[in-house]
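Trainee:
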Amino acid sequence: MSVLELTRQYHFSAGHRLENPALSSHENERVYGQCYRQHGHNYRIEVTVAGEMDPVTGMAADLGALDAAVKRVILDRVDHYDLSSTVDALRDVPTTGENLACAFWKWLEPTLPAGSLRRLVVIETDNNTFEYRGAAAR
Amino acid sequence: MDAQTGMVMDLAELKRVVSDAIIQRFDHADLNADPFFTPGTIPTTENLVRAAWDLLLPKLGPERLWRLRLWEDPTFYVEYLGG
Numbered sequence: 020m021s022v023l024e025l026t027r028q029y030h031f032s033a034g035h036r037l038e039n040p041a042l043s044s045h046e047n048e049r050v051y052g053q054c055y056r057q058h059g060h061n062y063r064i065e066v067t068v069a070g071e072m073d074p075v076t077g078m079a080a081d082l083g084a085l086d087a088a089v090k091r092v093i094l095d096r097v098d099h100y101d102l103s104s105t106v107d108a109l110r111d112v113p114t115t116g117e118n119l120a121c122a123f124w125k126w127l128e129p130t131l132p133a134g135s136l137r138r139l140v141v142i143e144t145d146n147n148t149f150e151y152r153g154a155a156a157r
Numbered sequence: 052m053d054a055q056t057g058m059v060m061d062l063a064e065l066k067r068v069v070s071d072a073i074i075q076r077f078d079h080a081d082l083n084a085d086p087f088f089t090p091g092t093i094p095t096t097e098n099l100v101r102a103a104w105d106l107l108l109p110k111l112g113p114e115r116l117w118r119l120r121l122w123e124d125p126t127f128y129v130e131y132l133g134g
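Sequence order for the protein chains is A and B.
Adding 19 to a residue's 1-based position in the first sequence gives its number in my numbering.
Adding 51 to a residue's 1-based position in the second sequence gives its number in my numbering.
What follows is the structure in structure tokens.
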């Protein structure tokens, strides 16, 4: 058995503001600071999948299928949208990097071979990276 | 950790080993023509990272070679931990 991990990077651009409607305007400003204002990011996403080497093809995962799944369930939903107001699936959460990483994992995981998704990373800026390895990870 | 040097491994040695075992063999080479990939083994990034692992392992030893990451381009890499 020979397990390999493949990591692919994608990108999208989107606007958002961080706001929890349960908090007052003053509290939102205190919690989220300048991120309470409308702004945008050129996001990057890293997706890591694991698979066993197929000796016939020399491949451990179908990158074409991964690209298609990421495009369909993530990029097409968020690229060039306002994450805070026009993406129904993100309606109930502040669009922090943490929530985006968890949401993208939930959208993508069912579309991939069972157990193959290992890591989902949302890179919001060069300074801020949010990494999720699923609920089972410590 | 070597208590005297404060190093786990001499990085100059690592650079030399990787250059001798991998870079000089594959850089500007036709991978399809390398004995690792003929006949029938396709030089995918997955197979190339395993070939690089097999070349490095005897030079570094299993206690020192922990992980190998091979970048195919800026958007894609494959990692191998042996086994």
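For each residue, glycine too, the CB sits at the ideal point set by N, CA and C.
How many Å lie between S44 (chain A) and D101 (chain A) at the Cα?
Mentor: So the two alpha carbons sit approximately 20 angstroms from each other.
Trainee: Do you know how far the Cα of T76 (chain A) is from the Cα of G37 (chain B)?
Mentor: What is shown of chain B runs 52 to 134, which leaves residue 37 (chain B) out entirely.
Trainee: Could you pull out every unbroken alpha helix (DSSP H) segment of at least 4 residues lying fully inside the stretch 71–112 of chain B, listed in chain order?
Mentor: Those alpha helix (DSSP H) runs which fall completely within the stretch 71–112 of chain B and span 4+ residues are 96–111.
Trainee: Thinking E170 (chain B) and L23 (chain A) are a contact (beta carbons under 8 angstroms), I'd like their distance in whole angstroms, please.
Mentor: Coverage of chain B is limited to positions 52 through 134, which leaves residue 170 (chain B) absent and any answer about it impossible.
Trainee: Spell out the partners DSSP gives I158 (chain A) in its beta bridges.
Mentor: No answer is possible for residue 158 (chain A): the residues shown for chain A start at 20 and end at 157.
Trainee: How would you list, in chain order, the residues of chain B whose beta-carbon sits under 8 angstroms from the beta-carbon of G77 (chain A)?
Mentor: What G77 (chain A) touches in chain B: T92, I93, P94, T95, E97 and N98.
Trainee: Where do the N-terminal and C-terminal ends of the alpha helix (DSSP H) with G34 (chain A) fall, by residue?
Mentor: Run containing G34 (chain A): none in the alpha helix (DSSP H); it sits in the beta strand (DSSP E), V22 to H35.
Trainee: Any C-beta of chain B sitting closer than 8 angstroms to the C-beta of T148 (chain A)?
Mentor: No, T148 (chain A) lies away from the interface with chain B (no Cβ there is under 8 angstroms from its Cβ).
Trainee: So the candidates are B:L82, B:K110 and B:V100; which of them puts its Cα closest to the Cα of A72 (chain B)?
Mentor: Of the candidates B:L82, B:K110 and B:V100, the one whose C-alpha sits nearest the C-alpha of A72 (chain B) is B:K110.
Trainee: At what residues does the alpha helix (DSSP H) containing G57 (chain B) begin and finish?
Mentor: It is not in any alpha helix (DSSP H) - G57 (chain B) carries neither H nor E in the DSSP assignment.
Trainee: Give a yes or no on whether the minimum CB-CB distance between A127 (chain B) and chain A is below 8 angstroms.
Mentor: In the sequence as presented, Ala is not what sits at residue 127 (chain B); that position holds Phe. Closer than 8 angstroms: yes.
Trainee: Is the separation between the beta-carbon of L119 (chain A) and that of V141 (chain A) shorter than 8 angstroms?
Mentor: Yes; because the gap between Cβ atoms is below 8 angstroms, this pair is in contact.
Trainee: Rounded to whole angstroms, what's the CA-CA distance from P86 (chain B) to D107 (chain A)? Just pull it up for me.
Mentor: So the two alpha carbons sit approximately 54 angstroms from each other.
Trainee: Using 8 angstroms as the limit for Cβ to Cβ distance, is T26 (chain A) near chain B?
Mentor: Yes, because at least one Cβ of chain B sits closer than 8 angstroms to the Cβ of T26 (chain A).
Trainee: Do E38 (chain A) and Y55 (chain A) count as a contact pair if the criterion is CB distance below 8 angstroms?
Mentor: The answer is yes: Cβ separation under 8 angstroms.
Trainee: At which residue ranges does the stretch 48–102 of chain A contain complete beta strand (DSSP E) runs of 3 or more residues, listed in the order of the chain?
Mentor: Within the stretch 48–102 of chain A, the complete beta strand (DSSP E) runs of at least 3 residues are 58–71.
Trainee: Grab me the residues of R115 (chain B)'s own chain with a C-beta within less than 7 angstroms of its C-beta, minus the 5 sequence neighbours each way, in chain order.
Mentor: Closer than 7 angstroms at the Cβ level, and outside the excluded window around R115 (chain B), lie M60.
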